[in-house]
Amino acid sequence: MLCFFAMGFVDLVGIASNYVKEDLDLSDSMANMFPSLVFFWFLIFSVPTSILMNKIGRKKTVVLSLLVTIISLLLPIFGESFEIMLVSFSLLGIGNALMQTSLNPLVATVMKGGNLASTLTFGQFVKAIASFMAPYIAMWGAEASIPSFGLEWRVLFPTYMIIGMMATVLLFSTKIEEEKADNKNESIGKAFTDAVKLLGNPLVLLCFLGIMCHVGIDVGTNTTAPKILMERLGMTLNEAAFATSLYFIFRTIGCFTGSIILQKISNRTFLLISVILMVLSMVGMFIGTEKWILYTAIALVGYGNSNVFSLCFAKAMDAVPEKQNEVSGLMIMGLFGGTIFPLLMGFASDAMGQAGAVTVMACGVVYLFFFWMKK
């Protein structure tokens, strides 16, 4: 569970990119390079990580991901130049790509046929704690409400680095028996080929694009919500940082309530409800000029977007049950959507304000409605 908390470190990129933008006086398009860079590495590393797990084991792969994450959190302590932050966020993305691909299978190994679903759900809850704590830690550090040792908002990095070090030591010292992989000698080229071939299945392709849109909306809201409050309400960045936490709070609530609701209604019906909530949120963020409207819109997209990944993932797994490992790797590659959306949103917001960024996210919501119609 401590490793799941470390997995949530990746979500600090949203609020951190806003502080870097302010400190270095960057444009939106330049600042949005940081979250885009983080999620770019999912495209490159998801399938190779599955090969690495076969060679060295799941536990060692997770430990490696934690070590990369610790290094990424260490660098900003020495400064916040554009180059340092670029390298830091790149390593954070690489570490998280390794962790996202290897941690869930490691949990399955530990559970040994136990209640895996509820354990993974609790893991996502723990991950979300790290996600919505990040803006508060950065805000408190910037306001000198906590000892920041001259780092101000960057106190967030050593705080999470210490927790990451604890997770690394504890996991490394824990004995876990793993079964040997049958495809230990599979090449990366073959694994990539097997995964990409699955896109020839129309339903798998639809699910892959759905996950790209889900992550794009997720990272987009994480990054843009504070900017909307600053633009429309004249808030300072420290005041607007709450918007990111609000999003993750409602996303966490959505994960828990969604798991209950999905036992009562069909996946298709729940997806439609989720899309309707996101449509309302896009309208609110596009035209809202009052605090309660914007906060409601941010909460709605948090709740509506909370279960889209699991719905798309499960549908893809059911579509090709004989190739679940390949499907899993392909769906993780879909997190690359977190690269494409922020880049487009940055250019759009530079051209027409934060309404432009919301328009790009709305395109993702439109696709999810199309996905529901095809589903």
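Okay, so the sequence shown: first residue is 3 according to this note's numbering, each after it adds one. Note that the Cβ used here is the ideal one computed from N, Cα and C, for glycine as well.
Tell me the DSSP secondary structure of residue i in three-state form.
i             : result
valine 40     : helix
glycine 95    : helix
leucine 153   : coil
serine 308    : coil
glutamine 265 : coil
glycine 143   : helix
glycine 81    : coil
leucine 179   : For the record, residue 179 in the displayed sequence is glutamate; it is not leucine. If DSSP states are grouped into helix, strand and coil, glutamate 179 belongs with coil.
asparagine 34 : coil
serine 29     : coil
glutamate 292 : coil
lysine 114    : coil
Do residue j and residue i come within 8 Å of each other at the CB atom, strictly closer than that value?
i                : j                 : result
leucine 200      : phenylalanine 373 : no
glycine 400      : threonine 71      : Nothing about residue 400 can be reported from this structure: the residues present for the chain run from 3 to 377 only.
leucine 1        : serine 90         : What is shown of the chain runs 3 to 377, which leaves residue 1 out entirely.
phenylalanine 31 : phenylalanine 134 : The sequence shown places serine at residue 31, rather than the phenylalanine named in the question. For serine 31 and phenylalanine 134, no; Cβs fall outside 8 Å.
leucine 296      : leucine 231       : yes
glutamate 328    : alanine 243       : no
glycine 336      : phenylalanine 210 : yes
tryptophan 155   : serine 92         : no
alanine 316      : valine 206        : no
glycine 340      : serine 308        : no
aspartate 27     : glutamate 82      : no
valine 310       : histidine 216     : yes
alanine 136      : leucine 14        : yes
Along the chain, where does the alpha helix (DSSP H) that runs through residue i open and close?
i                 : result
phenylalanine 338 : Run containing phenylalanine 338: none; DSSP gives neither H nor E here.
leucine 282       : 269–289
methionine 3      : Methionine 3 -> no alpha helix (DSSP H), and no H or E assigned at all.
threonine 63      : 60–76
proline 228       : 204–235
lysine 23         : 14–26
valine 360        : 356–376
valine 322        : Neither: valine 322 is in no alpha helix (DSSP H) and is coded neither H nor E.
threonine 161     : 158–174
valine 243        : Before going on, a small fix: residue 243 reads as alanine here, not valine. Element bounds for alanine 243: n/a, residue is neither H nor E.
Nearest-angstrom Cα distance between residue i and residue j?
i                 : j                 : result
tyrosine 249      : isoleucine 262    : 20 Å
threonine 361     : threonine 176     : 47 Å
glycine 125       : leucine 274       : 26 Å
glycine 212       : phenylalanine 151 : 43 Å
methionine 375    : valine 277        : 11 Å
lysine 325        : valine 65         : 27 Å
glycine 355       : arginine 234      : 10 Å
isoleucine 58     : leucine 105       : 14 Å
leucine 239       : isoleucine 17     : 9 Å
valine 22         : methionine 347    : 17 Å
phenylalanine 349 : methionine 168    : 39 Å
valine 112        : isoleucine 178    : 7 Å
valine 285        : glutamate 292     : 13 Å
phenylalanine 288 : methionine 87     : 30 Å
isoleucine 139    : isoleucine 251    : 15 Å
glycine 191       : leucine 45        : 14 Å
The ligand ADP and residue i: does any heavy atom of the ligand fall closer than 7 Å to the residue's C-beta?
i          : result
lysine 266 : For the structure depicted, the ligand ADP is absent and the ligand set is empty, with no information on it obtainable.
Review point. Pairing CB atoms from the segment 3–20 with CB atoms from the segment 130–147, are three or more of them under 8 Å?
Key: yes
**Study point:** Three-pair Cβ contact test at 8 Å for the segment 297–314 versus the segment 219–233
**Key:** yes
Exercise for review: Determine, using beta-carbon pairs with one atom in the segment 155–163 and one in the segment 266–281, whether at least three such pairs fall under 8 Å.
Suggested key: Because the criterion of three Cβ pairs below 8 Å is not met, the segment 155–163 and the segment 266–281 do not touch.
Practice item. Spell out a yes or no on whether the segment 138–145 and the segment 92–109 are touching, meaning 3 or more CB-CB pairs, one atom from each, closer than 8 Å. Key: no
Check your understanding: Given 8 Å as the limit, is there contact between the segment 38–54 and the segment 350–367, that is, 3 or more CB pairs closer than that?
Key -> no
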